[in-house]
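Asks: Submitted below is the structure of interest, expressed as structure tokens.
Chains as they are written, first to last, in this note's numbering: chain A, 1 to 95; chain B, 1 to 95.
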């Protein structure tokens, strides 16, 4: 599934709730999901970790929807197949 | 670009660095990027916000790479076109 399609699906499912909640509330949900991902990674339950990865990308897409950002375009613009700092693939940054 | 393709690109660019840094260090970078996203959203600079959205999905993909998770599969499994809680599209959850 394309990043764009996933973001559109999130919009179809949740835009009415996300836009009511607003940017700050939606960002806080994203932060909560990132924390839950860490908790899941501490355990030895791959399925739980996968669900938290799904939730992080889902809330990131929700936040992009209510801030008018095209997540796929943003991702490909910054990472067009090479490192944005050293311009190499693989990255050859020395820091 | 498919979520899977983006994750593969991140693997090609950064797996050597991500795997050396390890899960905890890579998770910390993800958290930093999430914080930078918030800072960017406070300003009125859409381009800056787009770059931070890109960084969050990039570090999420890096973390998925070093934990052996297929981000696209995880996302589609949890969000197969309907809300995982109420099973509706759009979501009809009442809480």
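Glycine included, every Cβ here is placed at the ideal spot set by N, Cα and C.
Just mark residue 91 of chain A as buried or exposed, buried being the case when its beta carbon has 16 or more other beta carbons within 10 Å.
Replies: Result: buried.
Asks: Looking at chain A, which residues of the region 73-88 of chain B have a Cβ within less than 8 angstroms of any of its Cβ atoms?
Replies: Flagged, chain order: 73, 74, 75, 76, 77, 78, 79, 81, 82, 83.
Asks: How close, in whole Å, do the beta carbons of residue 58 of chain A and residue 79 of chain B come, if the pair is a contact with beta carbons under 8 angstroms?
Replies: Right, their Cβ atoms sit about 6 angstroms apart.
Asks: So residue 78 of chain B is in the alpha helix (DSSP H); what residue range does that whole segment cover?
Replies: Where residue 78 of chain B is concerned, the enclosing alpha helix (DSSP H) stretches over 71-78.
Asks: Tell me, which residues are paired with residue 2 of chain B by DSSP?
Replies: According to DSSP, which records beta bridges pairwise, residue 2 of chain B is partnered with A/2.
Asks: When the distance is taken between beta carbons, is residue 18 of chain B closer than 8 angstroms to residue 161 of chain B?
Replies: The structure shown does not extend to residue 161 of chain B, since chain B is modelled only from 1 to 95, so the question has no answer here.
Asks: Whose C-alpha, out of A/71, A/76, A/85, A/84, is nearest the C-alpha of residue 6 of chain A?
Replies: Of the candidates A/71, A/76, A/85, A/84, the one whose C-alpha sits nearest the C-alpha of residue 6 of chain A is A/71.
Asks: Under 7 angstroms, CB to CB, which of the residues in the region 17-40 of chain B have a partner in chain A?
Replies: Of all residues in the region 17-40 of chain B, 17, 23, 27, 30, 31, 34, 38 have a Cβ within less than 7 angstroms of some Cβ in chain A.
Asks: Find the nearest neighbour of residue 22 of chain B within the set B/50, B/93, B/68, B/45, judged by alpha-carbon distance.
Replies: Comparing Cα-Cα distances from residue 22 of chain B to each of B/50, B/93, B/68, B/45, the minimum goes to B/68.
Asks: At what residues does the alpha helix (DSSP H) containing residue 44 of chain A begin and finish?
Replies: Note, residue 44 of chain A: premise wrong, no alpha helix (DSSP H); not H, not E.
Asks: Grouping DSSP H, G and I as helix and E and B as strand, with all else coil, what is residue 17 of chain A?
Replies: Here residue 17 of chain A sits in helix by DSSP.
Asks: Please state whether the Cβ-Cβ distance between residue 36 of chain A and residue 55 of chain A is less than 8 angstroms.
Replies: Contact flag set, yes.
Asks: Please list, in chain order, the chain B residues whose beta carbon lies closer than 7 angstroms to that of residue 67 of chain A.
Replies: Those within 7 angstroms of residue 67 of chain A in chain B are 41, 49.
Asks: Rounded to whole angstroms, how far is the Cβ of residue 77 of chain A from the Cβ of residue 50 of chain B, which I believe are closer than 8 angstroms?
Replies: Contact holds; Cβ gap of about 7 angstroms.
Asks: For a contact meaning CB atoms closer than 8 angstroms, what does residue 7 of chain B contact in chain A?
Replies: Here the premise fails: no neighbours, minimum Cβ distance about 10 angstroms.
Asks: Identify which residue in B/14, B/39, B/3, B/20 has its Cα closest to the Cα of residue 87 of chain A.
Replies: When each option's Cα is compared against that of residue 87 of chain A, the closest is B/14.
Asks: Near residue 94 of chain B, what residues of its chain come up, given a Cβ to Cβ distance below 7 angstroms and the 5 sequence neighbours on each side ignored?
Replies: Cβ within range, chain order: n/a, list empty.
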